[in-house]
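Asker: In terms of the numbering used here, the sequence shown opens at residue 45 and continues consecutively.
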Amino acid sequence: MKTKRLFNVLALVGIMLMLHAFVLTVNTFAEKKKDNNRYTGVHCIAYMKNTGDDFYPKLVPTKSGKNKLMETEPEKCRGNLPTRYNLTENGESTAIKNQGNHGTCWAFGMLASLESNMIKNGFADKSVDLSERHLTWFTYNPELDDEDKQLSPDDCYAGMDHWHTVNLGNPYANGGNGQLVSATLARGFGTVDESHAKYNGSISTDLPGFMAGKSDYRMKNFTYLPEITDKEISDDGEITFHGTKEASVEDVKRTLMQKGAVAVAFHQTTQDDPTGAYFNEENSAFYCYNDLWSNHEVCIVGWDDNYKKINFKDTTGQAKIPPKDGAWIVKNSWGEKWGDKGYFYLSYYDHTVSEPVSLEGENVHYDKDNPKHEFDRAYQYDGIGFGDFIYESDKEFKQANVFCMSKPETVKAVGYSTRIADSELSIKIYKNSQYNKPESGKLVAVENFTQKAPGYHTRMLKKPIDGLKGDRFSVVCTSSYNVNGTKKWTLMLEATTDVDISRFNAVGHCKKGQTYVNRKIDKNSHKVSDKTAWIDVTSVEPLNEVVNNYDTPVKFGNALVKLWTQTHKTKPSKISVPSTIKLTTSQTKNINARTVAGDGKITYKVISGKKVVINRQGVITPKGIGTSVIRVTVIGTMEYDGVHKDVAIKVYPRDCGKIRVKRYGELVSFKWKTDKKASGYEICFSKNKNMKKSFRKIFTGNKSGIKLIRKTLPKKYYITVRAYGKDNGKKVFGSMAKAKIVSR
Numbered sequence: 045m046k047t048k049r050l051f052n053v054l055a056l057v058g059i060m061l062m063l064h065a066f067v068l069t070v071n072t073f074a075e076k077k078k079d080n081n082r083y084t085g086v087h088c089i090a091y092m093k094n095t096g097d098d099f100y101p102k103l104v105p106t107k108s109g110k111n112k113l114m115e116t117e118p119e120k121c122r123g124n125l126p127t128r129y130n131l132t133e134n135g136e137s138t139a140i141k142n143q144g145n146h147g148t149c150w151a152f153g154m155l156a157s158l159e160s161n162m163i164k165n166g167f168a169d170k171s172v173d174l175s176e177r178h179l180t181w182f183t184y185n186p187e188l189d190d191e192d193k194q195l196s197p198d199d200c201y202a203g204m205d206h207w208h209t210v211n212l213g214n215p216y217a218n219g220g221n222g223q224l225v226s227a228t229l230a231r232g233f234g235t236v237d238e239s240h241a242k243y244n245g246s247i248s249t250d251l252p253g254f255m256a257g258k259s260d261y262r263m264k265n266f267t268y269l270p271e272i273t274d275k276e277i278s279d280d281g282e283i284t285f286h287g288t289k290e291a292s293v294e295d296v297k298r299t300l301m302q303k304g305a306v307a308v309a310f311h312q313t314t315q316d317d318p319t320g321a322y323f324n325e326e327n328s329a330f331y332c333y334n335d336l337w338s339n340h341e342v343c344i345v346g347w348d349d350n351y352k353k354i355n356f357k358d359t360t361g362q363a364k365i366p367p368k369d370g371a372w373i374v375k376n377s378w379g380e381k382w383g384d385k386g387y388f389y390l391s392y393y394d395h396t397v398s399e400p401v402s403l404e405g406e407n408v409h410y411d412k413d414n415p416k417h418e419f420d421r422a423y424q425y426d427g428i429g430f431g432d433f434i435y436e437s438d439k440e441f442k443q444a445n446v447f448c449m450s451k452p453e454t455v456k457a458v459g460y461s462t463r464i465a466d467s468e469l470s471i472k473i474y475k476n477s478q479y480n481k482p483e484s485g486k487l488v489a490v491e492n493f494t495q496k497a498p499g500y501h502t503r504m505l506k507k508p509i510d511g512l513k514g515d516r517f518s519v520v521c522t523s524s525y526n527v528n529g530t531k532k533w534t535l536m537l538e539a540t541t542d543v544d545i546s547r548f549n550a551v552g553h554c555k556k557g558q559t560y561v562n563r564k565i566d567k568n569s570h571k572v573s574d575k576t577a578w579i580d581v582t583s584v585e586p587l588n589e590v591v592n593n594y595d596t597p598v599k600f601g602n603a604l605v606k607l608w609t610q611t612h613k614t615k616p617s618k619i620s621v622p623s624t625i626k627l628t629t630s631q632t633k634n635i636n637a638r639t640v641a642g643d644g645k646i647t648y649k650v651i652s653g654k655k656v657v658i659n660r661q662g663v664i665t666p667k668g669i670g671t672s673v674i675r676v677t678v679i680g681t682m683e684y685d686g687v688h689k690d691v692a693i694k695v696y697p698r699d700c701g702k703i704r705v706k707r708y709g710e711l712v713s714f715k716w717k718t719d720k721k722a723s724g725y726e727i728c729f730s731k732n733k734n735m736k737k738s739f740r741k742i743f744t745g746n747k748s749g750i751k752l753i754r755k756t757l758p759k760k761y762y763i764t765v766r767a768y769g770k771d772n773g774k775k776v777f778g779s780m781a782k783a784k785i786v787s788r
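#1: If you run the structure through DSSP and keep just helix, strand and coil, what is Cys343?
#2: Suppose you measure from the CA of Ser524 to the CA of Thr665; what does that come to, to the nearest Å?
#3: Taking the beta strand (DSSP E) that Thr502 falls in, what are its first and last residues?
#4: Have a look at Met504 and Ser450 and give me their C-alpha separation to the nearest angstrom.
#5: Report the three-state DSSP secondary structure of His553 (helix, strand or coil).
#6: Relative to the alpha-carbon of Lys626, which residue among His286, Val786, Asp189 and Phe777 has its alpha-carbon at the smallest distance?
#7: Kindly indicate the opening and closing residues of the alpha helix (DSSP H) around Ala241.
#8: In or out: Lys275 buried (at least 16 other Cβ within 10 Å) or exposed?
#9: Among residues of its own chain, excluding the 5 on either side of Gly499, which ones have a beta-carbon nearer than 6 Å to its beta-carbon?
#10: Put Ser779 into one of helix, strand or coil per three-state DSSP.
#11: For Thr132, which residues from the same chain have a beta carbon less than 6 Å from its beta carbon, with the 5 sequence-adjacent residues on both sides left out?
#12: With Thr522 as the anchor, note down where its beta strand (DSSP E) starts and where it stops.
#13: On the DSSP letters alone, give me the boundaries of the alpha helix (DSSP H) that Met154 sits inside.
#14: Could you pull the start and end residues of the beta strand (DSSP E) that Arg421 belongs to?
#15: By the DSSP assignment, the beta strand (DSSP E) with Val397 in it spans what residues?
#16: Can you confirm whether the region 744-762 touches the region 667-685 when touching is taken to mean that 3 or more C-beta pairs between the two stretches lie within less than 8 Å?
#17: State the DSSP-derived secondary structure class of Lys303, mapped to helix, strand or coil.
#18: Would you check if the region 630-637 and the region 457-476 touch, i.e. whether three or more CB-CB distances between them fall below 8 Å?
#19: Please check the pair Val691 and Pro622, which I expect to be a contact at CB under 8 Å, by giving their CB distance rounded to whole angstroms.
#20: According to DSSP, which residues form a beta bridge with Val657?
#21: Do you know whose CA, among Lys381, Trp347 and Cys554, lies nearest Val581's CA?
#22: Any chance the region 600-611 sits against the region 511-526, with 3 or more Cβ pairs inside 8 Å?
#23: Between Leu188 and Leu195, how many whole angstroms is the CB-CB distance? I'm expecting something under 8 Å.
#24: Going straight from the alpha carbon of Lys694 to that of Lys442, what length do you get?
#25: With three or more C-beta pairs closer than 8 Å as the rule, is the region 534-543 touching the region 424-442?
#26: When DSSP labels each residue in this structure, what does Arg754 get in the three-state scheme?
#27: Compare the beta carbon distance of Glu404 and Lys264 with 7 Å and say whether it is the shorter of the two.
#28: Could you have a look at Ser226 and say whether DSSP puts it in helix, strand or coil?
#29: In the DSSP output, what is Glu491 paired with across the bridge?
#30: What's the gap between the Cα of Tyr261 and the Cα of Phe419?
#31: With DSSP collapsed to three states, give me the class of Thr411.
#32: Taking all protein chains shown into account, do 16 or more other C-beta atoms lie within 10 angstroms of the C-beta of Ala637, making it buried, or fewer, making it exposed?
#33: Going straight from the alpha carbon of Leu155 to that of Lys618, what length do you get?
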């Protein structure tokens, strides 16, 4: 399994730009290179190393030579594009903001893309203002109450997953990147309106944990576009720039026109040094001609093909200018006093531009005070995306999440993450599978398709799936791609380590019964088993990796697939059934349950006592003496809620029937009809027919009669008998037999 260590953080003085280095590795419009030394197993694709305060991406060295980050080809240009285009002039971009002294450029750049998409689609106007504070805080904090207890079920907001960093006490100083943003927004942490979590340049206070799952609007897709620059990275992390990809430039332009603004990273001088060698302050034009890592996130809002290259002339007198005209029109997050009222030009030929991404929102109109959503909830476990590493296998590798419906819902869409361009996806949904056999249920949906761009994606099902409360859905998925004619399978799993090998570590919380994989993996050799058998991912031992000279145990977590559902508005069911039913051991009785509102199926279950059994038709058969409770349940439907009522079933011994008397010289015998379920009998003697006052009582075991000495009894008396059983140590009596008069 070859892996990719996923982190590069954009960090600048006054702005912690988190995206860049991560862009170069993780935006795996990735290299698909030959490696003859891979064995059949799971391989780590790449990893990130920490050098000082910045994160640099590095591909794991191979015997095949240099590691050049390659992408699939962008879409070919279809039709003519204008020479100049500006979303801001079209009213399709939001106002300039100021991140202040915080390292939150990544949040500003990403949300600017989403805001523009909302306007472009007609779901909001240009006054929309999403909260960067909320995104920043809950990227690094799970949904907890004041006592650090989880507020929602694990499958609602992905449990306790979060990111751990050295600056965890101050998430606003951590920096960030696309992977963190996509995982945070995909799990339903935000977005919220600025008015609900206000940002300012010196903020340091916490947000209450209950706000984590608040969403005034939701992200639907997070797409990594083809890289604009052609770069090569050496084994020691040095970058060599080979030029700008014109086809990728056109791909970004087309995205701007169709979907709105595009977030991007580049190497920026700091706010304290705005007149650095790469920035022409007079023209608000930026061109970095050195091969450096990106460190700042901004948002492209347009372009100008005719913007003169001479405008980028640096201020050092070295006359460094781009090879051609043309520039991006870029929105920064340093306030309106910087640049050209907060905007600047960025040369198409800048060496450091990386990880262009497009964020798309749900198809609903934005209303911050009364938010509506395309889907009512997500069933999910993953909250950190791929986590610290990405793995691939030379053998088919399946993963599955199992979800249990909490109410009547319709599954409308699946959400999933990819990291390789042109991935072949297979997603199959099974209903009511066995817990440890995800493919054993009824196959209710099949989605086979090619996902062109990496990122997080939402895909509508061809046919929605109805599910009732308690229904289980197992979502089985594979993700594969071809490299030089060889097929590889990406492990769509969280991968985390507890070793602090970088500033960022993913913290996953995977529980038994949530996620399954179809192959075992040897922790030392990384070889996957030839045999396929579903196993709980929590039973997979951590893999051994060596990163930055650290022995690093890597644990697998939940599968990166979600279900998006719509809840049905249901009416209450009503059921008619007696609260108590009495019968004897010799009787059977129908419980006579019926629905008076709703049409759900009625089921029966003995929930305590075990003195009776009941069949599917509602017929009760005694098995002992005492009290049982039967739960009568009307199963919910898509129109009616489920409901249940508990019925007390009281079982008594049968009547002993007619008492038979027989004299044997000095003895007299009394016999009666026995009850095999009885514990014994009570025999009463009285001089009164009404048996109100007994002169003698005898208790026996479970016998069919007794014998007494005749002279010990009156000349004339009455006798009766009743059976009893025991329930929790107490006697439960049947009815008395008809009193019989006896003469001595």
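Note that the Cβ used here is the ideal one computed from N, Cα and C, for glycine as well.
Answerer: Walking through what the data contain:
#1: strand
#2: 57 Å
#3: Gly499 to Gly511
#4: 21 Å
#5: coil
#6: Phe777
#7: Ala241 -> no alpha helix (DSSP H), and no H or E assigned at all.
#8: buried
#9: Phe266, Thr267 and Tyr268
#10: coil
#11: Val345
#12: Arg516 to Val527
#13: Cys149 to Lys164
#14: Arg421 to Tyr423
#15: Premise fails: Val397 is in no beta strand (DSSP E) and is neither H nor E.
#16: no
#17: coil
#18: no
#19: 6 Å
#20: Thr665
#21: Cys554
#22: yes
#23: 7 Å
#24: 52 Å
#25: yes
#26: helix
#27: yes
#28: helix
#29: Ile471
#30: 11 Å
#31: For clarity, residue 411 is Asp in the given sequence; the question names Thr instead. Residue state, collapsed to three classes: coil.
#32: buried
#33: 48 Å
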